[in-house]
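In what follows, a single structure is set out as structure tokens and then discussed.
Numbering (the working numbering), first residue to last: 12 to 312.
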């Protein structure tokens, strides 16, 4: 049985990854999860300088998921290179670094710093975080801006790039086409959906930022629909995410057109979610008599 998939020339032993921002750089989870079994570790977003993130409280539970407005808190690229990448080199899994910024130059600075890091196999460019006021989502909601920043990053990136798209747009197909036209090697979707929660007794917003990104099972049908639409609009590979809790969800995304999948919010509820998803996919393929996982990608027309 073949469970490996190929994205932009990078071979992954299986299609299951961690969604950025839900798994750190793998260090904290390594006591519970054998990182060698993962298709890839996708790190939390990293910027050219440390970011403090948004004021607290930054997380709230809601029906079917959670709201967060972390604001891409991160220690900066220097710490990642000195601490996180050496740790990840010891594992037999692919490493995808998520890159964030507030300007095009911010993104380029990080991309250039990582260009000589052989342990980094791909770069995921986060232009879709709804919780930062500058950059990020500003690039991810305008196809012309997305095209321009993708084009610029491609000039400096030595690793293949994945543009991470926002669901907070009118047409996901239009955004996917803009990323592809500018040379993106793959796209990932969806990031969180902007939401709000109000404490009716305190009469205040549940999180200090007022709005946050909704993730978890509640957004899965939206994510599957968007993966399907994007897969019909572009030829580059898609990494699907949004509410994946297990193998059945992952297979649904792949049938819709995703080449790989990322498990996100479920990691907070069950640290073994990625491993359970991998094992469930293997059982499904065996039970269905499918020899190659690539045969199910986009099988639903």
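For each residue, glycine too, the CB sits at the ideal point set by N, CA and C. Just so you know, these numbers come straight off a predicted model, no measurement behind them.
Sequence-distant residues of the same chain with beta carbon closer than 8 Å to residue 220, five excluded per side: For the purposes of this step, residue 220 is taken as the residue at position 209 of the chain shown. 65, 66, 69, 80, 82, 142, listed in sequence order.
Exposure label - residue 105; buried when at least 16 CB within 10 Å: Reading the chain shown from its first residue, position 94 is the one you call residue 105. Its Cβ being crowded by 16 or more others within 10 Å, residue 105 is buried.
Within the region 80-118, ranges of the beta strand (DSSP E) (whole runs, at least 3 residues): 105-110
Reference residue 137; option with closest CA among 286, 264, 235, 173: As a working note, residue 137 is residue 126 in the chain shown. Here the closest residue by C-alpha is 173.
Beta-carbon separation (whole angstroms), residue 133 vs residue 170, contact threshold 8 Å: If you number the chain shown from 1, residue 133 lands on position 122. If you number the chain shown from 1, residue 170 lands on position 159. About 5 Å separates the two Cβ atoms, so the contact holds.
Where the beta strand (DSSP E) containing residue 296 begins and where it ends: As a working note, residue 296 is residue 285 in the chain shown. Counting along the chain, residue 296 falls outside any beta strand (DSSP E), though it belongs to the alpha helix (DSSP H) covering 284-299.
Per-residue DSSP class, three states only, for residue 254: Position 243 of the chain shown, counted from the start, is the residue given in the question as residue 254. Reduced to three states, the DSSP call for residue 254 is coil.
CA-to-CA distance, residue 120 to residue 127, given in whole angstroms: Residue 127 sits at position 116 when you count from the first residue of the chain shown. Residue 120 sits at position 109 when you count from the first residue of the chain shown. Computed Cα separation, rounded: 13 Å.
4-residue-minimum alpha helix (DSSP H) runs that sit fully inside the region 171-234, ordered along the chain: 183-192
Residue 303 - partner residues in DSSP beta bridges: Counting from 1 along the chain shown, the entry for residue 303 is found at position 292. Residue 303 is bridged to 13.
DSSP bridge partner residues for residue 161 (one or two, in chain order): Looking up residue 161 in the chain shown gives position 150. Looking at the DSSP assignment, residue 161 forms no beta bridge with any residue, so it has no partner.
Contact check, residue 200 vs residue 249, beta carbons under 8 Å: For this step, residue 200 is matched to residue 189 along the chain shown. For this step, residue 249 is matched to residue 238 along the chain shown. Yes, the pair counts as a contact, with Cβ atoms nearer than the cut-off.
Terminal residues of the alpha helix (DSSP H) in which residue 23 lies: Your numbering for residue 23 matches position 12 in the chain shown. Element bounds for residue 23: not the alpha helix (DSSP H) but the beta strand (DSSP E), 21-23.
For residue 89 and residue 301, the rounded distance between their alpha carbons: One-based indexing of the chain shown puts residue 301 at position 290. One-based indexing of the chain shown puts residue 89 at position 78. Answer to the nearest angstrom: the Cα atoms are 44 Å apart.
Residue from 266, 53, 63, 280 with nearest C-alpha to residue 306: Mapped onto the chain shown, residue 306 falls at position 295. Here the closest residue by C-alpha is 266.
Length of the line joining the Cα atoms of residue 395 and residue 125: Absent from the model: residue 395. The displayed extent of the chain is 12 to 312, so no value can be given.
Neighbourhood of residue 23 by C-beta, 7 Å cutoff - its chain only, sequence neighbours within 5 removed: Walking along the chain shown from the start, residue 23 turns up at place 12. Closer than 7 Å at Cβ, skipping near neighbours: 15, 16, 50, 51, 105, 271.
Identity of the residues DSSP links to residue 249 by a beta bridge: In the chain shown, counting from the first residue as 1, residue 249 sits at position 238. DSSP output for residue 249 lists 198 as bridge partner(s).
Where residue 52 falls: helix, strand or coil (DSSP): The residue given as residue 52 occupies position 41 in the chain shown. If DSSP states are grouped into helix, strand and coil, residue 52 belongs with the strands.
8 Å contact criterion, which residue 30 and residue 44 should meet: CB distance rounded: For the purposes of this step, residue 30 is identified with residue 19 of the chain shown, where counting begins at 1. For the purposes of this step, residue 44 is identified with residue 33 of the chain shown, where counting begins at 1. The pair is not a contact, with the Cβ atoms about 14 Å apart (cut-off 8 Å).
Candidates 262, 282, 291, 63, of which the one nearest residue 310 by Cα: Start at 1 with the first residue of the chain shown, and residue 310 comes out as number 299. Per the Cα distances, 262.
Cβ separation of residue 245 and residue 187, assumed to be a contact under 8 Å, to the nearest whole Å: As a first step, residue 245 is located in the chain shown; it is residue number 234 there, counting from the start. As a first step, residue 187 is located in the chain shown; it is residue number 176 there, counting from the start. Contact flag correct, Cβ pair sits at about 5 Å.
6 Å Cβ shell around residue 308 - same chain, five flanking residues per side excluded: Here residue 308 refers to the residue found at position 297 when the chain shown is read from its first residue. Excluding residues within five positions, the ones whose Cβ falls inside 6 Å are 265, 270.
Helix, strand or coil at residue 38 according to DSSP, with G and I counted as helix: Within the chain shown, residue 38 is the residue found at index 27, counting from 1. Here residue 38 sits in coil by DSSP.
For residue 137, the first and last residue of its enclosing beta strand (DSSP E): Within the chain shown, the letter at position 126 stands for residue 137. Looking at the DSSP string, the run of the beta strand (DSSP E) that includes residue 137 is 133-137.
Residue 272 - containing beta strand (DSSP E), residue span: As a working mapping, residue 272 is identified with position 261 in the chain shown. It spans 271-274 - the beta strand (DSSP E) in which residue 272 sits, taken as one unbroken run.
DSSP-derived helix/strand/coil call for residue 308: Residue 308 sits at position 297 when you count from the first residue of the chain shown. Residue 308 falls in the coil class under three-state DSSP.
For residue 240, three-class secondary structure by DSSP: In the chain shown, counting from the first residue as 1, residue 240 sits at position 229. In this structure, residue 240 counts as helix in the three-state DSSP scheme.
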